[in-house]
Structures are given as structure tokens and as C-alpha cells.
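S.K.:
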Amino acid sequence: MAAPVSAVEEHPPFDCSACAARKEGERPDDDGRCAACRGSLIRRSSQWAWVPAAVIAAGYLWLLFVWGLLESTAMVFFLALGAGIAFVAYKIARRIAFDLLVTRGNRARNH
Ligand SMILES: [Zn+2]
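Numbering-wise (numbering that gives the first Met the number 0), the sequence shown opens with residue 0 and increments by one.
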């Protein structure tokens, strides 16, 4: 006689590793954080990442200015390139900020 198939629990309850709240019906991330904690981490690292991206964009604009490229016919191209560079810098900075926040959070928890 086959055992009745129990309802498959896709997301078993877990205790969030960051806020220690018991979460049900959602999946923890790789470090066992709940969606809210992960969301706030991403938000914080996004806010952070604007700083280096803005600095790089400003530095790039300054270089264009110093080299006199702002008056060149290819100015649109250089500005688009600068926007691309700033965007990549933003993505990388966000990634780094996220890792830093996670590491700091883990260290605070282990002490
Ligand atoms: Zn949490």
C-alpha cells in the first residue's frame, strides 16, 4: 500500500540569520537571511554604490573637460561612454558594498 503523498512543503520555515525571526512561506538566501533582511541589505548597498559611481563619473567629466573633448564632435559618444563606465562602476560598487555589509553583519553576529 502506497503511503499517501504528503503535501510538499516547498519552503520549510526557517529562522532568519540576520533578524532571527521565524519565517514561513519564503525561501532564505544563501546566508539564511529572510527576504526583508536581504532587501534592506540591497537597498543599503545601492545607496552606498552611488558615491564611487558619482566620483568616477565626475572624474571622467573632468578629464573630458581638461582634454577639451567636451567641444569635440564625438562629445555624445564620450558622454555615452562615461555613462556606461559610471553604470559599470555602480554595479561593481554595489556588489562590493553588499559583500562588505554581509561580512560586517556576520562578524557582528559571531561576537
Ligand atoms: Zn530577517
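For glycine and all other residues, C-beta sits at the position ideal for the given N, C-alpha and C.
Quick check on the DSSP output: the alpha helix (DSSP H) that includes residue 58 runs from which residue to which?
M.R.: As a first step, residue 58 is located in the sequence shown; it is residue number 59 there, counting from the start. Residue 58 -> alpha helix (DSSP H) spans 34-65.
S.K.: Who pairs with residue 14 in a beta bridge, going by DSSP?
M.R.: For the purposes of this step, residue 14 is identified with residue 15 of the sequence shown, where counting begins at 1. DSSP, once it has assigned bridges, lists 21 as partnering residue 14.
S.K.: Within the present structure, is the beta-carbon of residue 103 separated from the nearest heavy atom of ligand 1 by less than 7 Å?
M.R.: Position 104 of the sequence shown, counting from 1, holds the residue named residue 103. It does not: the Cβ of residue 103 is nowhere closer than 7 Å to a heavy atom of ligand 1.
S.K.: Give the DSSP-derived three-state secondary structure of residue 98 in the structure shown.
M.R.: One-based indexing of the sequence shown puts residue 98 at position 99. Correct three-state label for residue 98: helix.
S.K.: Any idea what DSSP makes of residue 31, helix, strand or coil?
M.R.: Taking the first residue of the sequence shown as position 1, residue 31 is located at position 32. Three-state DSSP puts residue 31 in coil, outside helix and strand.
S.K.: Indicate the three-state DSSP secondary structure (helix, strand or coil) for residue 88 in the structure shown.
M.R.: Within the sequence shown, numbered from 1, the residue matching residue 88 stands at position 89. In the structure shown, residue 88 sits in a helix (DSSP, three-state: H, G or I).
S.K.: Helix, strand or coil: which one does DSSP assign to residue 93?
M.R.: For the purposes of this step, residue 93 is identified with residue 94 of the sequence shown, where counting begins at 1. In this structure, residue 93 counts as helix in the three-state DSSP scheme.
S.K.: State the DSSP-derived secondary structure class of residue 70, mapped to helix, strand or coil.
M.R.: Position 71 of the sequence shown, counting from 1, holds the residue named residue 70. Here residue 70 sits in helix by DSSP.
S.K.: Consider the Cβ of residue 57: report whether some Cβ of chain B lies at a distance smaller than 8 Å.
M.R.: Chain labels in this structure do not include chain B; a single protein chain is all it has.
S.K.: Going by C-alpha distance, which of 51, 106, 102 and 96 is nearest residue 43?
M.R.: Taking the first residue of the sequence shown as position 1, residue 43 is located at position 44. Taking only the C-alpha atoms, the option nearest residue 43 is 96.
S.K.: Expressed to the nearest angstrom, what Euclidean distance is found between the alpha-carbon atoms of residue 74 and residue 83?
M.R.: Counting from one through the sequence shown, the residue named residue 74 turns up at place 75. Counting from one through the sequence shown, the residue named residue 83 turns up at place 84. Answer to the nearest angstrom: the Cα atoms are 14 Å apart.
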